[in-house]
Amino acid sequence: MFVQLLFALSALLTVGCAIAVAVTKNIMHSCIFLLGSLLGIAGLYATLGADFVAVTQIMVYVGGVVILMLFAVMLTGGKDFVSRAQNLLGLAPAMGNKWTYAIGLLVGLVVLLTNVKLIMNISKAYPAKIFGNDFPSTVNQIGHLLIKEHVLAFELSSVLLLGALVGAAIIARPRKQG
Amino acid sequence: MTPAQFDGLMPVVIFMGLAVLLFVGGHFLSVLLAPKKPSHLKSTPYECGEEPVGSAWSAFNIRFYVVGLIFIIFDVESVLMFPVASIFREMNDMGHGGYALIILLSFISVLIEGIAYCWKKGDLDWVKSYQVSAKNNK
Amino acid sequence: MNQTLVSYLSQYEFYDVLLAVFGKNEGLLAFTIYLLAALAIVGLCATIGGLGTYAERKISADLQQRMGPNRVGPYGLLQFLADGVKMMTKEDIMPFTADKFLFYLAPMLALIGVFATLAVLPWSSGFMMADLNVGVFYLIAISSLVGVSVFLGGYASNSKWSMLGGMRGASQIISYEIPVTISILAITLLSGGMSFGTILSHQQGTPVNWFIFHNPFAFVAFFVYAIGALAETNRAPFDLPEAESELVSGYHTEYTGMRFGFFALAEYIEVFVVCGVGAALFLGGGNLPFNLDIDIIPLQFAQVVIFMTKALLLYYVVIWVRWTLPRLRVDQLMSICWKYLTPIAIVNLMGCAIWLVVFNGKSMADLIFGSH
Amino acid sequence: MMSLVSYLIISLILFIVGLVVMIARKNIIAILLGIELILNAAALNFVAYSRYVTNNLDGHVFSLFIIVIAAAESAIGLAIVIRFFQIKETIHVDEATQLRN
Amino acid sequence: MEYTVGNIAPIFLSPVIAFVINAFFGRKLPRQGDWLATLSIFISFIFSARIFGDFVFGTFATDFFIHKTFTWFDLSHGANIWKVDMGIYIDNMAAIMLLMVSGVAFLIHLFSTWYMDHDEKHGRFFVFLPLFTSAMLGLVLSDNLFSLFIFWEIMGFCSYSLIGIYNKKEAAGDASLKAFMTTRVGDVFLLLGMVAIWMVIGSVAYVDIYAAIAEGKFAGQTVIGISLATFAGLCIFLGGMGKSAQFPLHVWLPDAMMGPTPGSALIHAATMVAAGVYLSLRMYPLMVLGDLTWFIAVIGAITAFGAATIALVQTDIKAVLAFSTISQLGYMMIGVGVGSYNAAFMHLITHAIFKACLFLSAGSVIHSVHEQEMPKLGGLRKYLPYTHFAMMCCTLAIAGIPFFSGFVSKDRILGDALYFGFMAGQNPLLAIVPILGFAGAGLTAFYMFRMMFLTFYGENRMGHHDSHGDDHAHGDHHHGHEIHHEHLDARSNVPLLILSVFTLGVWFAGSLTGQGIVKVFGEKTEWFKILVEAPKVERFVKHPREAFGATDSRVKAELPKAKYDHQSGYAGPNPDDHKIHTAHVVGAWMSIVIAFLGVFIAFLMYIKKSIKPLASMFPGYTETLKNKYYFDNLYVDVIIKKGLLGLNRFLSWFDMGIFDRFAVDGWAAVNRVLFKASKWFDNVVVDAIGVDGTGVAVNLFNLVLRIVQSGKIQFYFIMLIVVLASYIWTVNI
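Take a look at the structure:
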């Protein structure tokens, strides 16, 4: 019962905040709604028994990515920023207008229809199954997977992150104005 | 199986709910109790008594971003290290301690490279980058 | 899942009675127990937070040879209640330039982030609300909401002082999260698990079994943790985000009344939480120094008392430090984090790993006194 | 209520919303937000499949790496955005046209 | 002998390790880590030599091979097998190739330690060189097209980096980009070919492809109206064309000489450019199945002859060698095309050795006198005796003089080509293959000796800097040259001498000439012919496949005795044996005559000066040759300027019109559309059709390709989604 409740809450949070991300005109609010959506996804992970992934989601996204995005919004002028050449080049406004949304929704519809086909098949193949509330610890298993089967990915991800760090630091470093 | 095993997550949700409740309740109380005498002067942002000039939402210094950047990389690396650290003792007891140690150390050594790089390039210096940009602006 | 409050209570007969009262609905019973316990804990923590303000003033007065609050109640003990009432009855002002939605949201995020950490705080071996398998990790993760709230608080006010304080605060909190996380990682390594239950079960018995004395690296890691935690909670000497003499009041300059109260409450409870976590991770938590082989509820309360004592001692140290040391400059702040604490923490982590392998998991005490 | 399909539907909604955000918005940071949503939809699918279909934890590890890569990607992406802003003083995606001609 | 991953992997891994160390710590190491790179290649060489020894001198059967695989990832679900294997595949060809690559690479590394000494890019050079070598070795070791493609791209990247290593020079940057882009054209096709193969058999491993061919899985499969085998083979061959610089994708190789000479020696002469040929050889059964061999032969012949003609007038010593490389690669392709499998591969090996040596010699010359324009050189014989010796050996080899390796391999190819063109009952038009082949052989002898004579003989023209143009060998007697004798040391000479020893034909064929004319060692030493043969696809149907970590413990069979009838070139009873033999003998004599004729004309022109130089004989044609048949101009002026830029204007209209129409004012949009349309009409229709038909064809082709290149990421994204959605709708999941 509790798990169902958690699922409902998380799903509501996820979907509601995700839609809010799409409709709000304020990039700052968008970021915060994204945070809500990501928290909801963490909740969904928890209902799936993926406690470690759930907490990782919170740690990396809430603690890292969202803060970084908030910083980036601030560093690029905050929400009041208006495209410099907006009216000169006739570009769409930064947060979109009805036309861009129309295109987006159209493509979204295409994806929806496409996926409905897939999900129909899946729902036949995997009917609803209620698991017991057995949530075994995933941490140890993930640890074993990480240093045995996926050890290469594990080590390479550190190299990837190093590369990301170096690359982003080079890009973002204050430098002479050319 | 003890009955409470299924909802270890319940307290987490309850506490979060309590936080929201407390917030809403506190607001409610404050609305009930607090006086409401709004005036323009009261609701101007504080700027040492002067008239506020412009918006505070302007472009900030990029140093903040560099710090955030280093943070997120380290954050992610520590996330990946947590499961390995959790099973480290177990591996050691099973006699694979050396293997786990090598895996962990090689992971950490890459981490150290990252911090060494940033250190050397002055990304960790709050003031230096400031001076550099000041010098370059001349 | 490991031991929780409900699973602990379920071994007693009265649990079955309660179960019967609740019509065999275990979920509802568990919910009720948890809710009551949570209310108790929140009340306790709110009191501790409130008393924290009082203690802060009293101790600072003591250090500065003043009297401190002494009018409300005996020794001014009820000062915090008076403060609370004052906050509730103050007018709620919001700058007209503010981002209203975020202005409301920021204190709530701070509250959520802090309250959610209470769920895993190990009061005693039995009275643990939730002993998640990812306990410590969860604690670190969810408390990063506070960083977001500090940033948002600063941003939403649309005041320059707030903004500066918010940016500083957020970058300071996230920076110091790294040494803290890596120190905790070292403890995870030593205990072989992230849940507080596992961590505490490795520290039973006399103080030599505490993780702080497990090996020299862990000893250093404790101080890294302490300094980092101090900075993460924006306490002096790391209180740059709210530095009165520089930034008026930092990110909550524009906050008044109840919402300021929430920020303050969150901050004080967070200080208590990090003290508690430090006590649990490094100082043996609520473990009794002797093993009685019996498990009765009074002993659990004794554990709670021990845990609280350790945590409050650390709390005292935090206040003491605040009124003793001067504030750092912002560049010193960053260089301490990235050039001292983080490398030291990484070395500690590597040292702990190597110690574990070389000495096959034995602590210093085991090596000196022989394994038991 | 909780079945594989319900998770898939949630992730589908997330994906579509991310898609709409990516297409409708002209602000590069907003586009990155859309990418995050899409990545999360994928990661959620992995975990759901790992619980309902494969019964092992490979899906967890996959979503772990997705999260890792998403973090790296957003770090780099935002750095580029900031740099772009410093050069062009805009973060409008249609003005990123140096490579077009 | 037991084969485990442990004694195969070091071949690939040791250069990788050297690369990693040099990349990160190279500057800290003494001599910037060049010794480390060299050492790592030497380790590869040792391990390769062991495998080579076992395969060639050991007791392995002709068709023995090692195949170790592991599953890289497995996305199979239920009955749908969807997994990708990676692995090691070593057969005789790979064993020989491994030895050649590692040996040549080692000598070139050794040479480079001398050549790149005190060069500002010394460290960087020794980062990319081991990476390249490891990729090439990995390519040879890989058991499937997929990993081959990965290494292929790594090599492309190294090539790009080494061409543009002097990144301060704009020309170097342009050349590297050109090389990169041109080979990319081929790579796209290679990828397409892989996809086509994957569609049929669900794997891209060589053995699976062979087995599928044997089982007839390709039968009846078509794509866009042509047989799938043809399509896949063509795509893969186009990939090889890009890498092996075959006409018309040859334009990048001459420019690639911007890089340091040893790099050119390794990458653009010995190994990487041969990878295309190697790929074609590996996919030979597919080419046969797809009936593509004639096409390959024709392309090869055009390349071989065309490049040889261009080489006639080049004045830059490296440019001559570059065009001769293209030409020789053309010969290899002829070999593949005319069914001369083993001769094509032999030519790959012999060419790698003598061309590496030629490049190193050229490098030695350039490094010593700091001059690479041949009209400004001359008479260097006295100053660079070792270089002269080595270069002369190689020139003799490439010119097809008997007793040298080039003669053995090239003339086998030409013999088969002769049979293919005249006697095999093919389309008579295919007689162009042997005709162009023999003509090219004569030209090769001529231009190579022209290079030798201009560089090493005659008067020294050093210091005569205003000498204008080619072939005016009347230079004044200025001996104030600056030849750096002291720079030459063992590290430069020893690799040259070692390589020049292997230009002798006797190493590759039992007889000195390779045609059974002068038998010295008898038939037993015809190891090359015995060991290398086109894959017999039938035996791969149930091939042995080992786990990656397994130790090889199969019983090795004896080398078959005289299985190869070297008189005919083909085993078993073949009614055409006699004809083939005739063709070979005729071909051998013809090419001897032609080669000596070429040498003789060169002698007359450049030593005796009794014949007027070429330029004065055909001035107009020379101009065309100097401009390399205007191929660069064609690509730049017509395709890029007219096609792409004109198209860009059209596309900018397309952007505005289709995608952003709602964003612009209606009246302005109408105006703009009219304006752009008329501009487009002007630029594309009038200009292109009126001016140049090719332009229009290219435009039409590009129109399809570039219609999506709007430069708006969101538009790309929409396209991606639409394509994915249509894929899901069309594929029945």
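Read top to bottom, the protein sequences are chains Z, A, H, V and R.
7 is the number of the first residue of the first sequence in this note's numbering; add one for each residue after it.
11 is the number of the first residue of the second sequence in this note's numbering; add one for each residue after it.
-2 is the number of the first residue of the third sequence in this note's numbering; add one for each residue after it.
168 is the number of the first residue of the fourth sequence in this note's numbering; add one for each residue after it.
370 is the number of the first residue of the fifth sequence in this note's numbering; add one for each residue after it.
Even glycine gets a Cβ: it sits at the ideal position worked out from N, Cα and C.
Using the Cα positions of N146 (chain Z) and G708 (chain R), report the straight-line distance between them to the nearest angstrom. 59 Å
Three-state class that DSSP yields for S471 (chain R) in the structure shown: helix
Beta-carbon proximity of T62 (chain Z) to I234 (chain V), cut-off 9 Å: In terms of Cβ geometry, T62 (chain Z) and I234 (chain V) form a close pair [threshold 9 Å].
C-beta atoms of T4 (chain Z) and L181 (chain V) nearer than 9 Å: The question about residue 4 (chain Z) has no answer, for chain Z in this structure spans 7 to 184.
Between R:P623, R:I570, R:Y700, R:G747, which has its C-alpha nearest T672 (chain R)'s C-alpha? R:Y700
Identify the contact partners of N222 (chain V) in chain Z, using a Cβ-Cβ distance below 7 Å as the criterion. Below the 7 Å Cβ cutoff, chain Z contributes no neighbours of N222 (chain V), its closest Cβ being approximately 10 Å away.
From what residue to what residue does the alpha helix (DSSP H) around D780 (chain R) run? Per DSSP, D780 (chain R) belongs to the alpha helix (DSSP H) from 774 to 787.
Whether or not the segment 747 to 754 of chain R and the segment 710 to 723 of chain R are in contact is what I'm after, with contact meaning three or more pairs of Cβ atoms, one per stretch, closer than 8 Å; do they touch? no
With H, G and I counted as helix, E and B as strand and the rest as coil, what does DSSP make of W120 (chain H)? Note: W120 (chain H) maps to coil in three-state DSSP.
Residue range of the alpha helix (DSSP H) that includes Y173 (chain H): 157 to 188
Just grab the DSSP bridge partners of M125 (chain H) for me. H:P119
Return the first residue and the last residue of the alpha helix (DSSP H) that M455 (chain R) is part of. Segment 452 to 459 is the beta strand (DSSP E) holding M455 (chain R); no alpha helix (DSSP H) there.
Excluding five sequence neighbours on each side, which residues of the same chain lie with their C-beta closer than 7 Å to the C-beta of F252 (chain V)? I258
With a threshold of 9 Å between beta-carbons, can V131 (chain H) be considered close to chain Z, or not? yes
Note down the Cα distance separating A725 (chain R) from C604 (chain R), rounded to an integer number of angstroms. 29 Å
A971 (chain R) versus F772 (chain R): straight-line alpha-carbon distance, rounded: 20 Å
May I have the straight-line CA-CA distance separating T86 (chain H) from A107 (chain H), to the nearest angstrom? Rounded to whole angstroms, T86 (chain H) and A107 (chain H) show a C-alpha spacing of 21 Å.
Report yes or no: is there a C-beta of chain Z within less than 9 Å of the C-beta of A209 (chain V)? no
Please confirm if S168 (chain H) has its CB atom under 9 Å from at least one CB of chain Z. Closer than 9 Å to some Cβ of chain Z, the Cβ of S168 (chain H) qualifies, so yes.
Start-end ranges of the alpha helix (DSSP H) lying completely within the segment 110 to 181 of chain Z, minimum 4 residues: The qualifying runs are 145 to 153, 157 to 178.
What are the start and end residues of the beta strand (DSSP E) that includes K437 (chain R)? 435 to 443
Taking just the CA atoms, how far does I566 (chain R) sit from Y575 (chain R)? 11 Å
Rounded to a whole number of angstroms, what is the C-alpha to C-alpha distance between L622 (chain R) and I695 (chain R)? 8 Å
Unbroken alpha helix (DSSP H) runs of length 4 or more, entirely within the segment 8 to 60 of chain Z: which are they? 8 to 29, 33 to 53
Cβ contact (3+ pairs, closer than 8 Å) linking the segment 118 to 129 of chain H and the segment 220 to 231 of chain H: Flag = no, the segment 118 to 129 of chain H and the segment 220 to 231 of chain H do not touch.
Beta-carbon gap between V496 (chain R) and F388 (chain R) smaller than 9 Å: For V496 (chain R) and F388 (chain R), yes; Cβs fall inside 9 Å.
Comparing alpha-carbon positions, which option in R:G967, R:V955, R:I961, R:L799 lies nearest A670 (chain R)? R:L799
Could you check whether the Cβ of K123 (chain Z) sits closer than 9 Å to any Cβ belonging to chain R? yes
Partner residues on chain V for Q1083 (chain R), Cβ-Cβ distance less than 9 Å: M189, I190, A191, R192, K193, I198, V260, D261
Interface positions of the segment 130 to 152 of chain H facing chain Z (Cβ-Cβ less than 8 Å), listed along the chain: Those would be N130, V131, F134, Y135, I137, A138, I139, S141, L142, G144, V145, F148, L149, Y152, in chain order.
Relative to the C-alpha of F965 (chain R), which residue among R:A810, R:K905, R:V1092, R:K397 is closest? R:A810
Proximity winner among H:V18, H:L325, H:R165, H:V314, relative to G49 (chain H) (alpha-carbon distances): Of the listed residues, the one whose Cα sits closest to G49 (chain H) is H:V314.
Where DSSP assigns a beta bridge to V592 (chain R), which residues make up the other side? R:I595
Coil, strand or helix - N345 (chain H) by DSSP: helix
Can you tell me whether M99 (chain A) is buried or exposed, with buried defined as 16 or more other CB within 10 angstroms of its CB? Looking at the sequence itself, residue 99 (chain A) is Arg, so the reference to Met does not match. Buried, because 16 or more other Cβ atoms sit within 10 Å of the Cβ of R99 (chain A).
Measuring straight from C-alpha to C-alpha, what distance separates A588 (chain R) and V569 (chain R)? 10 Å
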